[in-house]
Structure formats: structure tokens, C-alpha cells
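UniProt numbering numbers the first residue of the sequence shown as 1 and each following residue consecutively.
Worksheet for the structure shown next.
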Amino acid sequence: MSTEIEIGRGKRGRRAFSLDDVAIVPSRRTRDPQDVSIDWQIDAYRFDMPVIGAPMDSVMSPATAIALGRLGGLGVLNLEGLWTRYEDPQPVLDEIAQLKGDNFNPQATRRLQEIYAAPIQAELITSRLAEIREAGVTVAGSLTPQRTQEFYKTVLAAGVDVFVIRGTTVSAEHVSKNVEPLNLKQFIYELDVPVIVGGAAGYTPALHLMRTGAAGVLVGFGGGATTTTRRALGIHAPMATAISDIAEARRDYMDESGGRYVHVIADGGMGTSGDIIKAIAMGADAVMLGSALARADEAPGHGWHWGQEAHHSELPRGDRVHLDTVGPLKEVLWGPSHHTNGTSNLMGALRRAMATTGYSDLKAFQRIEVLVSPYLYSS
């Protein structure tokens, strides 16, 4: 059945669905929550939960990356962020939290641009990653495609376990008349560590990223609660459809490659446990969380949340938004919860949803029946 809609005589468009548009359906079987596994493994690295901390300065510091690792997830440090530009970023973080104004405030945006104009220091990349490694957790760092060739040797020398190449959108074939683009396939082939790349928003671009040898593909444009990419560039990918499309690309690539499995990681727009649950139901292996973790007491943003798009020097495409803190990181992830809106005990909710619908592990849960059932609510 075609999902295309005629927009006008010269243009047709495909119907796409957000996570708010879908709901999961219980099966004939239920389970006890303690009998459900939410373990996740990518390459040689096994985690107690399918959660990656987004490489955003309001979410991940070396300390919170360590804390997330000890709680069973993977924290990814933004290697172009404040921790690699400033020896002591705390005064800068305090200033960002105290900036006046909220959404669409040009004065706050201008100050963010000034703060992030400080140069990235290779020696700080080394020391920040060393700090995480000394804590005994899996070490992960992120660069944009534009900075990867400049700093990847520093990152590898520092001993990163998982390398993330993350941008608004990342393609396997970037065309430029001005600079020599990153040859993603050759780059990944020459590395000895698993690489996660993204974002991708559709079947074809994701399939091409899988063919580069990536261990995982990020779905979406990241940013989630902070991004204004749709307003600024007109680009948007409803997550339920995007995840489902890229999960299909994963299946087709497995057939094409003779069984090589590439992880699908939903990135952006998942602020509650319900969003996380539905992202995995649509086919995601794991989720990269920003705002959901920015609500933790330990988050470096002090209740404020922003992404890399917010301080772009020429065309900022993100806001600095205020979020209510809900409790310590451990409670946000594992409970106990004192909130009814899905902002804490995220993994307890995932485990219970899987138990209620009768599934024992994440791969099985990806086969759950779903309905198109738009959820209307007031925040």
C-alpha cells in the first residue's frame, strides 16, 4: 500500500510518523520484569542497558561519562566541546547557565558563539580521554566529519574504545570543491576501533553508511529538544519512520554482506521512557540520549541543554533550553521514580514495557506489534 500523498500536481510526498504517532500492543504473553534482559553489545563491548550519552556539553562531561559507564551505559564525550577548549570549563558552564533569555534569544546565541570560538587543544583531548580510561569504563569520544581528519590521530593515541563521527547529517559520499572530503570507508577500514556514524534519516543514506564498515549508524539529526533544523533548513525526519526505514536497511545489508550486523542507534527526540521504548520497538538497537540525561542532577548544564548546532559560527540551528532536573543520574536511569511523566527510571520502564508485552530481550522486542495512534497531550 502506497503511503505517498499528493501535495500538488507536481509533487508527491511520503507519509511519515513520529514516535508520538505510534503505540506498542501487548501480546498474548506477559513476563516478570526480572526475567527481561536489556543488555546490549556492540563489537566487543557489552553494556547493561542500551543507552549512549549524547556528546553534548550540557549532558556529558568526563565525570558524567564515567558515572554513566559505571551505571551500565556508554558516555560519549564531545571532543570539540568545552572540555577540550578550556582547561577549567566550569566558569564557562556557570556563565552559560546564567545567560539571560530562553528560546530564540540572539544575545545568548551570540555569547555561545563567542565561548565556542576558543580553539580546540589536542592535549586536552588526550587528558580528558585519559581521565575516563583511568576510571575503568569504556572510553568513547565524538568528532564532527569536518574535524575528524584533524584530530583523529590524537583521539586514537589517547586510547579511545569507540569512536563516534556525528553531525547534523553524515553521508558516505560528501562532494566538495573546496576541501578534500573524508573518505569514510577508507577511514573506517584503517581504524582498529568500532566507529559509529550519523546522523542518517532514510533507507538509502543509511545503507551506504553501513557499507563503509561502520559498527553503528545514528538515526536522526541529533539535538532533539534543542534543534531548530526544521525551522532553519526545512529538514526533518519523523523518528518512527526513520528508525523503521533504517532497520530495514540493516536487514538488507545483512543479506548483502553475508551476515554482518550494523547497529541502529536512535539519536534525538527521546525525552521520556515512552519514547525510548517505542524507538526500540521500531527497530533501534540502542538510543543516544540528550535531554533525558540533561535532567540529571549531575548534568554539567545545570538544568540547561544545548547542542553543537546552537553555537554554529554562521548559521546556528539550535536553542539553549531549560529543563527541570528530576534527580540523580542513577534515579533517572534505574529509579526509583517519583515522577509520572516518564522522565525517571527510564530502564525500569523499558524492562516493564517488555515484560508487559511478553518479550524477554531487545531483539525480540523489535518484532512487537505497533499501532498508528497519535498521542495528544499538553506538556
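Positions of the beta carbon are idealized from the N, C-alpha and C atoms, including for glycine.
With DSSP run on the structure shown, which of helix, strand or coil describes residue i?
i	result
R166	strand
S313	coil
I96	helix
M56	coil
S291	helix
R46	strand
residue 380	The question about residue 380 has no answer, for the chain in this structure spans 1 to 379.
W40	strand
How far does the beta strand (DSSP E) with residue i in it reach, from first residue to last?
i	result
F365	Not the beta strand (DSSP E): F365 falls in the alpha helix (DSSP H), residues 362-365.
I5	4-8
G69	Not the beta strand (DSSP E): G69 falls in the alpha helix (DSSP H), residues 62-70.
I52	51-53
Q121	Counting along the chain, Q121 falls outside any beta strand (DSSP E), and DSSP gives it neither H nor E.
A279	That residue, A279, is in no beta strand (DSSP E); its alpha helix (DSSP H) goes 273-281.
L74	74-78
V219	216-219
R182	For clarity, residue 182 is Leu in the given sequence; the question names Arg instead. That residue, L182, is in no beta strand (DSSP E); it is neither H nor E in DSSP.
L371	370-372
D161	It is not in any beta strand (DSSP E) - D161 carries neither H nor E in the DSSP assignment.
Applying the 10 Å Cβ sphere with the 16-neighbour rule, what's the burial state of residue i?
i	result
V372	exposed
P106	exposed
K177	Unreliable positioning characterises K177 in this predicted model, as indicated by a pLDDT of 47, which lies under 50. The coordinate reading is nonetheless provided below. With fewer than 16 Cβ atoms within 10 Å of its Cβ, K177 is classed as exposed.
H338	exposed
L315	exposed
V217	buried
Q308	buried
V175	Here the model assigns V175 a pLDDT of 43, short of 50, so the residue's position is not dependable, and the following value carries that caveat. It is exposed - the Cβ of V175 has fewer than 16 other Cβ atoms within 10 Å.
G101	exposed
P89	buried
Nearest by alpha-carbon distance to residue i: which of the options is it?
i	options	result
I42	V164, L79, F151, S273	V164
G198	R110, M288, T272	M288
R128	Q113, T154, A117, R111	T154
P238	L74, A266, G303, E6	A266
A206	H263, L71, I276, T144	H263
G274	T3, D297, Y375	Y375
M354	R15, R70, I24	I24
G69	G81, A54, W83, L79	A54
A247	E6, V321, G202, A63	G202
Whole angstroms is fine: what's the gap from residue i's alpha carbon to residue j's?
i	j	result
L99	E190	43 Å
K330	A67	9 Å
R230	F221	10 Å
R351	L209	31 Å
G224	S61	19 Å
G283	I276	11 Å
A158	G141	10 Å
R367	E298	35 Å
G234	A240	19 Å
R166	T148	10 Å
L93	T357	42 Å
H312	T30	48 Å
P145	D319	22 Å
R14	I7	10 Å
Q3	R12	In the sequence on display, residue 3 carries Thr and not Gln. C-alpha separation (whole angstroms): 10 Å.
If I follow the unbroken alpha helix (DSSP H) through residue i, where does it start and stop?
i	result
V155	145-157
R351	346-356
V332	329-334
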